[in-house]
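Chemist: Please see the structure below; I have some questions.
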Amino acid sequence: MLICAQLRPPEEQDRGARKKALKDAVICIGWLKIVSIICYMILYYLVRANSEGGMSNVLQSLTLAILPPQIVHGILLFLGALEERVLALEIGLWFCLILGSYNTILGIMGGIYFIRTGYLTMHFLLALIFALMAMSLFSVLCHDVLIVYAYKEMLVTTLSTPVSVVPHSEQNTTENLK
Numbered sequence: 001m002l003i004c005a006q007l008r009p010p011e012e013q014d015r016g017a018r019k020k021a022l023k024d025a026v027i028c029i030g031w032l033k034i035v036s037i038i039c040y041m042i043l044y045y046l047v048r049a050n051s052e053g054g055m056s057n058v059l060q061s062l063t064l065a066i067l068p069p070q071i072v073h074g075i076l077l078f079l080g081a082l083e084e085r086v087l088a089l090e091i092g093l094w095f096c097l098i099l100g101s102y103n104t105i106l107g108i109m110g111g112i113y114f115i116r117t118g119y120l121t122m123h124f125l126l127a128l129i130f131a132l133m134a135m136s137l138f139s140v141l142c143h144d145v146l147i148v149y150a151y152k153e154m155l156v157t158t159l160s161t162p163v164s165v166v167p168h169s170e171q172n173t174t175e176n177l178k
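Written out as structure tokens, the structure is:
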């Protein structure tokens, strides 16, 4: 629906509504990326409180290392949508893929670690949380990338094609055709 071609060219009103909807969706994705910092901090404290050892320290470091790029990613998407900056959205698309891959790797490592070494119920919960993170790349590709890409393409086509303003009363009248 977002990327495939339409059979008829969209009207100006349709394009405006789609552009506003996609812009709002990209802003929401940006806010979600920034708010997800809280989830990463909670995950860090859960790993810190419930496990110890070398691999636990690696998981804690990897969880903390994602915080600054996640903040930058959220700001890029948020400001790219608000100010209609194509370059910020393009960089945001690459951040989506990179951070989704990073989350997938972190999720696989954490899931395997807590499945193999866990003996408490909390370890099972942490293994489940990390396993859900392992599916991050698929959810990012199916949701975030499609929406940001569709909005970016709409901006590119809107900025590259000039819009002619013709009053409605002058369109398709018999006097103009003569």
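Position 11 of the sequence shown, counting from 1, maps to 11 under full-length UniProt numbering, and the rest follow consecutively.
All C-beta atoms in this analysis are idealised placements derived from N, C-alpha and C, irrespective of residue type, glycine included.
Here the structure is a predicted model, which is why all the values come from computation and not from measurement.
Of all the options Leu59, Asp144, Asn103, which has the alpha carbon lying nearest to the alpha carbon of Met135?
Modeler: Asn103
Chemist: Output the distance between the C-alpha atoms of Leu106 and Gln13, rounded to the nearest integer angstrom.
Modeler: 44 Å
Chemist: Compare the Cα-Cα distances from Val156 to each of Met55, Leu141, Leu89 and report the closest residue.
Modeler: Closest option to Val156, judged by alpha-carbon separation, among Met55, Leu141, Leu89: Leu89.
Chemist: Quick check on Leu120: does DSSP put it in helix, strand or coil?
Modeler: In the three-state reduction of the DSSP assignment, Leu120 falls in the coil class, being assigned neither a helical nor a strand state.
Chemist: Could you pull out every residue in the same chain whose Cβ sits closer than 7 Å to the Cβ of Val166, ignoring the five residues on either side in sequence?
Modeler: Residue confidence is low: Val166 scores 49 on pLDDT, short of 50, so the model does not pin down where it sits. Its coordinate-derived value is still stated next. Closer than 7 Å at Cβ, skipping near neighbours: no residue.
Chemist: Tell whether a beta-carbon distance below 8 Å holds between Tyr77 and Val145.
Modeler: A small fix is needed here, since residue 77 is Leu in this sequence, not Tyr. No, Cβ-Cβ distance for Leu77 and Val145 is not below 8 Å.
Chemist: Cβ atoms of Leu126 and Asp50: under 8 Å apart, would you say?
Modeler: In the sequence as presented, Asp is not what sits at residue 50; that position holds Asn. Yes, Cβ-Cβ distance for Asn50 and Leu126 is below 8 Å.
Chemist: For Cys39 and Leu159, I'd like the C-alpha separation in whole angstroms.
Modeler: 37 Å
Chemist: Between the Cα of His123 and those of Phe114, Ile129, Lys152, spot the shortest distance and give me the residue it belongs to.
Modeler: Phe114
Chemist: Straight-line CA distance for Pro69 to Leu99?
Modeler: 8 Å
Chemist: Tell me whether the segment 23-31 and the segment 72-86 touch, counting them as touching only if at least three CB pairs, one residue from each stretch, are closer than 8 Å.
Modeler: yes
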